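Read the structure below first, then the notes.
Chains as they are written, first to last, in my numbering: chain B, 620 to 1022; chain C, 622 to 774.
Put into structure tokens, the structure is as follows:
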């Protein structure tokens, strides 16, 4: 007997309210279908009636977490159309803010992944570590999110260098905390049996579904826009692209944790060699033409396309966020999983989390009787971890120690 | 891979079928005919290891234009294939069986511009609000925004 389990439309695993219909036989998922569009905001149509400066501010409202990502990506598209280079100092400001954003975004994911596995200490601690990063954001730009600092041709406002010692202090603390988390994840046998070989997206599937970012890099696809098309200051900095082979949830977690350390390295170098000079190139008008901008968001490649007709508003503006290509890969990675593993598999590609309600209810396909509610699904995931922990004689939560 | 190499490969392999509109070091825009889409798209993604970043649909004076933005891992190049289809019967061949990455974006372009992708297994509503009827396409130039906002927005 096959049963259909709807996950969503409101669900803490997803960046937008989205509805996944899991067809299950017994406990095994045999088919998955996605219904999207619950909060489609019509940004592309709206942007066609705004001036370029207004669109930059509008792009920040696309995502609650990637507010630097989309603004810089739109600026890249217009700068590509214009064929200009931005000043050095502006490039470093973009790099610094982009990497700070990656730090807090990955820490957020680590916390939520812990929660879905039943490791609530990880959830609490990772979110505690994230707060100082947002404080740094506030000190540098005036806001925890939506800094409104980007502009076509550079940045709108300068940042004050007197905050740099504070930034160094925070990232040094985060480095210690990340290394501790990494050690705990690598050594924990319960996490191994809970995440290894779960939700595997192999190399061919990753290529076929065109996935990007940590989801692709965990499956052995060597892609990173920061290296492929160096923007901002990335070509002057020393860092490396993390690529792992396994494609399971464990590899995706490991890629993100290792990337945290790379981000910290990038921020340190940025601060050390922060140049002086102007922050804005002179942009008078936007000529007729088209441009494509790319940016490595915390979740992968973000791409914007802009076509200009010579007026002060774009003729067409197309946005493709990384989760848009990562989410369909569930068609490949969720089939054959058990229900208790699906929550972490859905979470593993890090669809950004803007909703906090969960209204998933499992209904018997024939009798329409409620089988599991959304809370049951999270509970099932957490119970499986506790069961394994008991079998292995381990504590029910991840053992964390911090010097 | 840079745009010069790409232009060389394409003009060798498909003489007369590709028309280079503009080329810079990192961006290449190619105009092709709809009947050659599957052949040229398949060649770039399979033999040249391309990854479909996304596709853009837009209405222009002569019809509806669909742009396939193909990027390459390890290279700054983004190759864009431009295909035009008439407004009264907008139809293109689906490429989702060549590369699954086109599965959602074709549904999205169908939602907003009404382009029918022949051979797509599930060309149903993906992003368009349920309050907008099937035959109203919000990104077409004749979409009446005031009327939409007054009635349902």
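A virtual CB, placed ideally from N, CA and C, is assigned to each residue, including glycine. As the structure is a computational prediction, the values presented were derived from the model and not from experiment.
### Query
What alpha helix (DSSP H) runs, 4 residues minimum, are completely inside the region 625 to 696 of chain C?
Those alpha helix (DSSP H) runs which fall completely within the region 625 to 696 of chain C and span 4+ residues are 658 to 663.
### Query
What's the gap between the Cα of residue 800 (chain B) and the Cα of residue 880 (chain B)?
In the first chain, residue 800 (chain B) corresponds to position 181, counting from 1. In the first chain, residue 880 (chain B) corresponds to position 261, counting from 1. Take the alpha-carbon of residue 800 (chain B) and the one of residue 880 (chain B): they are about 11 Å apart.
### Query
Quick one: Cα of residue 1001 (chain B) to Cα of residue 724 (chain C), how far?
Residue mapping note: residue 1001 (chain B) aligns to position 382 of the first chain, counting from 1. Residue mapping note: residue 724 (chain C) aligns to position 103 of the second chain, counting from 1. Taking the Cα positions, residue 1001 (chain B) is about 33 Å away from residue 724 (chain C).
### Bridge partners - residue 944 (chain B), DSSP secondary structure assignment
Locating residue 944 (chain B) in the first chain gives position 325, where the first residue counts as 1. BP columns for residue 944 (chain B) are empty, so no partner.
### Query
Could you give the distance in angstroms between the alpha-carbon of residue 659 (chain C) and the alpha-carbon of residue 740 (chain C)?
Taking the first residue of the second chain as 1, we reach residue 659 (chain C) at position 38. Taking the first residue of the second chain as 1, we reach residue 740 (chain C) at position 119. Their Cα atoms are separated by approximately 12 Å.
### Query
Looking only at C-alpha atoms, which of B:807, B:785 and B:783 sits nearest to residue 1007 (chain B)?
To locate residue 1007 (chain B), count along the first chain from 1; it is residue 388. It is B:807.
### Query
First and last residue of the alpha helix (DSSP H) that includes residue 676 (chain B)?
Along the first chain, one-based indexing puts residue 676 (chain B) at 57. Its alpha helix (DSSP H) spans residues 671 to 678.
### Task
Return helix, strand or coil for residue 900 (chain B), following the three-state DSSP convention.
For the purposes of this step, residue 900 (chain B) is taken as the residue at position 281 of the first chain. Looking at residue 900 (chain B) - three-state DSSP - the assignment turns out to be coil, as it is neither helix nor strand.
### Which listed residue (C:718, C:625, C:708 and C:696) has its alpha carbon closest to that of residue 683 (chain C)
Here the question's residue 683 (chain C) lines up with position 62 in the second chain. The candidate whose alpha carbon is nearest that of residue 683 (chain C) is C:708.
### Task
Mark residue 822 (chain B) as exposed unless 16 or more other C-beta atoms lie within 10 angstroms of its C-beta, in which case mark it buried.
Residue mapping note: residue 822 (chain B) aligns to position 203 of the first chain, counting from 1. Classification for residue 822 (chain B): exposed.
### Message
DSSP three-state label for residue 920 (chain B), please.
### Response
The sequence position of residue 920 (chain B) within the first chain is 301, counting from 1. In this structure, residue 920 (chain B) counts as strand in the three-state DSSP scheme.
### Task
Taking only beta-carbon positions, decide if residue 815 (chain B) is within less than 8 Å of chain C.
For this step, residue 815 (chain B) is matched to residue 196 along the first chain. For residue 815 (chain B), the answer is no, since every Cβ of chain C falls outside 8 Å of its Cβ.
### Task
Look at the alpha carbon of residue 723 (chain B) and the alpha carbon of residue 749 (chain B), and state the distance between them as a whole number of angstroms.
Numbered from 1 along the first chain, position 104 holds the residue referred to as residue 723 (chain B). Numbered from 1 along the first chain, position 130 holds the residue referred to as residue 749 (chain B). Rounded to whole angstroms, residue 723 (chain B) and residue 749 (chain B) show a C-alpha spacing of 5 Å.
### Task
Compare the beta carbon distance of residue 670 (chain C) and residue 842 (chain B) with 8 Å and say whether it is the shorter of the two.
Here residue 670 (chain C) refers to the residue found at position 49 of the second chain. Here residue 842 (chain B) refers to the residue found at position 223 of the first chain. No, Cβ-Cβ distance for residue 670 (chain C) and residue 842 (chain B) is not below 8 Å.
### Query
Between the beta-carbon of residue 1004 (chain B) and the beta-carbon of residue 809 (chain B), is there less than 8 Å?
Numbered from 1 along the first chain, position 385 holds the residue referred to as residue 1004 (chain B). Numbered from 1 along the first chain, position 190 holds the residue referred to as residue 809 (chain B). The Cβ atoms of residue 1004 (chain B) and residue 809 (chain B) lie closer than 8 Å to each other.
### Message
So for residue 653 (chain B), helix, strand or coil by DSSP?
### Response
Here residue 653 (chain B) is taken as the residue at index 34 of the first chain, counted from 1. In the structure shown, residue 653 (chain B) sits in a strand (DSSP, three-state: E or B).
### Message
Counting only Cβ pairs nearer than 7 Å, list the residues of chain C close to residue 947 (chain B).
### Response
The count along the first chain starts at 1 and reaches residue 947 (chain B) at position 328. Correct list: 724 and 725.
### Task
Starting from residue 700 (chain C), trace the beta strand (DSSP E) both ways and give me its first and last residue.
Within the second chain, numbered from 1, the residue matching residue 700 (chain C) stands at position 79. Residues 699 to 706.
### Query
What does residue 664 (chain B) reach in chain C if we use C-beta pairs closer than 9 Å?
Looking up residue 664 (chain B) in the first chain gives position 45. Simply 733, 759, 760, 764 and 766.
### Chain-order list of residues whose beta-carbon lies under 6 Å from that of residue 688 (chain C) (same chain, five-residue window excluded)
The residue labelled residue 688 (chain C) in the question sits at position 67 within the second chain. Closer than 6 Å at Cβ, skipping near neighbours: 677, 701 and 703.
### Message
Please list, in chain order, the chain C residues whose beta carbon lies closer than 7 Å to that of residue 829 (chain B).
### Response
Position 210 of the first chain holds residue 829 (chain B). The answer, in chain order, is 672, 673, 720 and 722.
#### Entry: As assigned by DSSP and simplified to three states, the class of residue 774 (chain B)
Against the first chain, residue 774 (chain B) aligns to sequence position 155. Per DSSP, reduced to three states, the secondary structure at residue 774 (chain B) is strand.
### Query
For residue 739 (chain C), does the three-state DSSP call read helix, strand or coil?
Here residue 739 (chain C) refers to the residue found at position 118 of the second chain. DSSP, read as helix, strand or coil, puts residue 739 (chain C) in strand.
### Query
Measuring CB to CB, does residue 735 (chain B) end up less than 8 Å from residue 966 (chain B)?
One-based indexing of the first chain puts residue 735 (chain B) at position 116. One-based indexing of the first chain puts residue 966 (chain B) at position 347. Yes, the pair counts as a contact, with Cβ atoms nearer than the cut-off.
### Task
Note down, in chain order, all residues in the region 757 to 771 of chain B with a beta-carbon under 9 Å from any beta-carbon belonging to chain C.
Cβ contacts with chain C: none found.
### Query
Which residues in the same chain have their Cβ closer than 6 Å to the Cβ of residue 764 (chain B), if we skip the five residues on either side of it in sequence?
Taking the first chain and counting its residues from 1, the one referred to as residue 764 (chain B) is at position 145. For residue 764 (chain B), the CB contacts under 6 Å within the same chain, skipping 5 residues up- and downstream, are 686 in chain order.
### Task
May I ask you to list the residues that DSSP assigns as paired with residue 1013 (chain B)?
Mapped onto the first chain, residue 1013 (chain B) falls at position 394. DSSP output for residue 1013 (chain B) lists no bridge partner at all.
### Task
Can you tell me which of B:956, B:797, B:697 and B:784 puts its alpha carbon nearest to the alpha carbon of residue 730 (chain B)?
If you number the first chain from 1, residue 730 (chain B) lands on position 111. Residue 730 (chain B) has its Cα closest to that of B:797, out of B:956, B:797, B:697 and B:784.
### Query
Does the Cβ of residue 629 (chain C) have 16 or more other Cβ atoms within 10 Å, making it buried, or fewer, making it exposed?
As a working mapping, residue 629 (chain C) is identified with position 8 in the second chain. In the assembly as shown, residue 629 (chain C) is an exposed residue. Its beta-carbon has fewer than 16 other beta-carbons within 10 Å.
### Query
Taking a cut of 9 Å between CB atoms, which residues from the region 635 to 647 of chain C lie near chain B?
The residues in question are 643, 645 and 647.
### Message
Counting only Cβ pairs nearer than 9 Å, list the residues of chain C close to residue 699 (chain B).
### Response
Taking the first chain and counting its residues from 1, the one referred to as residue 699 (chain B) is at position 80. The contacting residues are 645, 647 and 648.
### Query
In chain order, what residues of the same chain have a beta carbon less than 6 Å from the beta carbon of residue 775 (chain B), not counting five sequence neighbours either side?
Within the first chain, residue 775 (chain B) is the residue found at index 156, counting from 1. Answer for residue 775 (chain B): 768, listed in chain order.
### Message
Within 8 Å, do at least three Cβ pairs link the region 861 to 873 of chain B to the region 838 to 853 of chain B?
### Response
Contact holds: three or more Cβ-Cβ distances are below 8 Å.
### Per-residue contacts from residue 694 (chain C) into chain B (C-beta, under 8 Å)
Against the second chain, residue 694 (chain C) aligns to sequence position 73. Those within 8 Å of residue 694 (chain C) in chain B are 840, 841, 842 and 847.
### Task
Check the Cβ of residue 690 (chain C) against every Cβ in chain B and list those closer than 7 Å, keeping chain order.
On the second chain, position 69 is the one that residue 690 (chain C) refers to. The answer, in chain order, is 911, 922 and 924.
### Task
Determine the closest residue to residue 653 (chain C) out of C:734, C:722, C:697 and C:705, with distance taken between C-alpha atoms.
Reading the second chain from its first residue, position 32 is the one you call residue 653 (chain C). Ranking C:734, C:722, C:697 and C:705 by Cα distance to residue 653 (chain C) puts C:705 first.
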